[in-house]
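In what follows, a structure is listed as structure tokens, so that the remarks can point back to it.
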Amino acid sequence: MHFRRTLALAVAGLTLLGLAGSTGRAAEPDAKLMPADAEFILVADYQKLLNSAMFKKYGMEPFKAQLQDPQVKPVLESLGLDPLKDIDTLTITTSGKLDDNPKLFISVKGRFDLAKMEAAIKKEGLKSDKVGEYTVYETKGQGNPAYFTFKDKNTLVMSTNKDYLGDVLTGKVKEGKNAGALKAAMGKANKTDTIYVAVVITDEMKQALKGNPQMAALAPKLDSVTASVNVTDAAQIDVLINCADQATANQVSMQIKQLLPLMKVLLQGQQGVPPVVGDVIDKVKTGTNGTSVTISLKITDEIVQKAIQQAGGKGGDN
Numbered sequence: 022m023h024f025r026r027t028l029a030l031a032v033a034g035l036t037l038l039g040l041a042g043s044t045g046r047a048a049e050p051d052a053k054l055m056p057a058d059a060e061f062i063l064v065a066d067y068q069k070l071l072n073s074a075m076f077k078k079y080g081m082e083p084f085k086a087q088l089q090d091p092q093v094k095p096v097l098e099s100l101g102l103d104p105l106k107d108i109d110t111l112t113i114t115t116s117g118k119l120d121d122n123p124k125l126f127i128s129v130k131g132r133f134d135l136a137k138m139e140a141a142i143k144k145e146g147l148k149s150d151k152v153g154e155y156t157v158y159e160t161k162g163q164g165n166p167a168y169f170t171f172k173d174k175n176t177l178v179m180s181t182n183k184d185y186l187g188d189v190l191t192g193k194v195k196e197g198k199n200a201g202a203l204k205a206a207m208g209k210a211n212k213t214d215t216i217y218v219a220v221v222i223t224d225e226m227k228q229a230l231k232g233n234p235q236m237a238a239l240a241p242k243l244d245s246v247t248a249s250v251n252v253t254d255a256a257q258i259d260v261l262i263n264c265a266d267q268a269t270a271n272q273v274s275m276q277i278k279q280l281l282p283l284m285k286v287l288l289q290g291q292q293g294v295p296p297v298v299g300d301v302i303d304k305v306k307t308g309t310n311g312t313s314v315t316i317s318l319k320i321t322d323e324i325v326q327k328a329i330q331q332a333g334g335k336g337g338d339n
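Residue 155 in our numbering sits at position 134 of the sequence shown, and the numbers go up by one each step.
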């Protein structure tokens, strides 16, 4: 129970990297742990979170308090894991449908005390099995089981499918039909940002988009989406919708420009939607760059303070 809670905490904390700052170095995925059939990838630099002015102001205190939780602190100590120092980067990939995905693969880079980790796993009594040279452990929560192992003292890998985990580790995953499209989308990412995402718009996604009359003609010409978040004392969010040609990019950009004012009107006065959401929508900028639609948004400290005040909380120190 404790070990599963710790793993969940580690992954959940890593995925909250939207409040992270930039130190200027690129966070590159491990090429040997990049599944050849991947259609989605997220790469996040965890240490940039700790160097971010915005996170230090709004996130560090509650994060440290969570680490001191009586149910968390002794487990972290038994694992020999300090989340403030021992975790560097996170990479998540998937292929196929995202819901209940058996081809989910997670790689966490850092420093792991394998002796303490293995002792904690043994004490927890987790099931294990050999996959090639690796001992793979199974952890069950309320949902489906997850499988994990340590590739080495600096790499923790996880998946919801034991065979897929083994295939990635041993390089047996065959190249998918969208491998080139994902590589092209990743090539448009700013890899010095704290978190970046690339996703292929698959045939299944295009078919779903055709259900929207306004997107029916454009859907076949959408290739991928690239997004990144970079935060220092403000959060800069940049999104690219990569299209087959410039004409499609122009049409998609125009539709977004028409949609934003409508969204603002629809959300005004809605229960649970703070007024600051309207300010955020006003700051969204969209245009085109060649065959890509560009969408950008800067979340300033002023906006964060306003959101906290409207939610009835307290802002950070000025």
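In this text, a Cβ means the ideal position worked out from N, Cα and C, and glycines have one as well.
Host alpha helix (DSSP H) of residue i (start-end)
| i | result |
| --- | --- |
| LEU97 | 94 to 100 |
| PHE84 | 81 to 88 |
| ASP322 | 322 to 331 |
| GLY208 | 200 to 208 |
| LYS69 | 67 to 71 |
Which listed residue (the options) has its alpha carbon closest to that of residue i
| i | options | result |
| --- | --- | --- |
| GLY192 | ALA202, GLY201 and LYS172 | LYS172 |
| LEU203 | GLN92, GLY117, GLN326 and ASP107 | GLY117 |
| ALA238 | ILE142, GLU49 and THR269 | THR269 |
| THR223 | LYS85, GLY232, VAL246 and ASN233 | VAL246 |
| SER73 | GLY201, GLU225, PHE61 and ASP322 | ASP322 |
| ASP150 | MET284, ALA141, TYR168 and LEU135 | TYR168 |
| LYS285 | GLN267, GLY164 and VAL305 | VAL305 |
| GLY343 | GLN257, GLU82, THR181 and MET81 | With the chain covering 22 to 339 only, the question about residue 343 has no answer from this structure. |
| MET179 | GLY80, ILE320, LYS85 and LEU125 | LEU125 |
| ALA136 | PRO123, PRO166, GLY146 and LYS174 | LYS174 |
| ALA141 | ASP51, GLU225 and SER99 | SER99 |
| LEU54 | PHE84, GLY80 and LEU190 | LEU190 |
| GLY308 | VAL298, GLN289 and LEU281 | LEU281 |
For residue i, three-class secondary structure by DSSP
| i | result |
| --- | --- |
| VAL273 | helix |
| GLY117 | coil |
| LYS183 | helix |
| HIS23 | Low confidence applies to HIS23: its pLDDT is 42, below 50, so where it sits in the model is not reliable, and the reading given next is rough at best. Reduced to three states, the DSSP call for HIS23 is helix. |
| ILE142 | helix |
| GLU60 | coil |
| ALA29 | Bear in mind that a pLDDT of 47 at ALA29, under 50, signals an unreliable position, so the number given afterwards is only what the model happens to contain. Here ALA29 sits in helix by DSSP. |
| ASP188 | helix |
| ALA52 | helix |
| PHE133 | coil |
| LYS319 | strand |
| LYS306 | strand |
| VAL294 | coil |
| SER43 | In this prediction, SER43 scores a pLDDT of 37, lower than 50, which makes its location untrustworthy; the coordinate-derived value is nonetheless stated afterwards. Looking at SER43 - three-state DSSP - the assignment turns out to be coil, as it is neither helix nor strand. |
| VAL194 | coil |
| LEU288 | helix |
| LEU125 | coil |
| LEU239 | coil |
| LEU281 | helix |
Residue span of the beta strand (DSSP E) that contains residue i, given as start and end
| i | result |
| --- | --- |
| PHE169 | 167 to 173 |
| SER301 | Before going further, note that residue 301 is Val rather than Ser in the sequence given. Counting along the chain, VAL301 falls outside any beta strand (DSSP E), though it belongs to the alpha helix (DSSP H) covering 297 to 303. |
| GLN257 | 256 to 264 |
| LYS229 | For the record, residue 229 in the displayed sequence is Ala; it is not Lys. Counting along the chain, ALA229 falls outside any beta strand (DSSP E), though it belongs to the alpha helix (DSSP H) covering 224 to 230. |
| LEU243 | 243 to 252 |
| ASP150 | 148 to 152 |
| GLY311 | That residue, GLY311, is in no beta strand (DSSP E); it is neither H nor E in DSSP. |
| ALA219 | 216 to 221 |
| VAL157 | 155 to 160 |
Whole-angstrom C-beta distance between residue j and residue i, which should lie under 8 Å
| i | j | result |
| --- | --- | --- |
| SER128 | THR112 | 5 Å |
| ASP300 | ILE324 | 6 Å |
| LEU105 | LEU71 | 6 Å |
| ASP109 | LYS130 | 5 Å |
| LYS148 | GLU159 | 4 Å |
| ILE62 | ALA219 | 5 Å |
| LYS144 | ALA57 | Going by Cβ atoms, the distance from LYS144 to ALA57 rounds to 37 Å, so no, they are not a contact pair. |
| GLN267 | GLY311 | 6 Å |
| GLU60 | VAL221 | 4 Å |
Beta carbon proximity, residue i to chain C, threshold 8 Å
| i | result |
| --- | --- |
| LEU243 | In the structure shown, chain C cannot be found, because there is only a single protein chain. |
With contact counted as at least three CB pairs below 8 Å, one residue from each stretch, are the region 207 to 222 and the region 247 to 264 in contact?
yes
Stretch pair the region 61 to 79 + the region 213 to 231: three plus CB contacts closer than 8 Å
yes
Counting beta carbon pairs with one atom in the region 78 to 97 and one in the region 271 to 287, are three or more of them shorter than 8 Å?
no
Give a yes or no on contact between the region 150 to 160 and the region 174 to 188, applying the rule of three or more CB pairs nearer than 8 Å.
yes
Determine, using beta-carbon pairs with one atom in the region 281 to 299 and one in the region 235 to 244, whether at least three such pairs fall under 8 Å.
no
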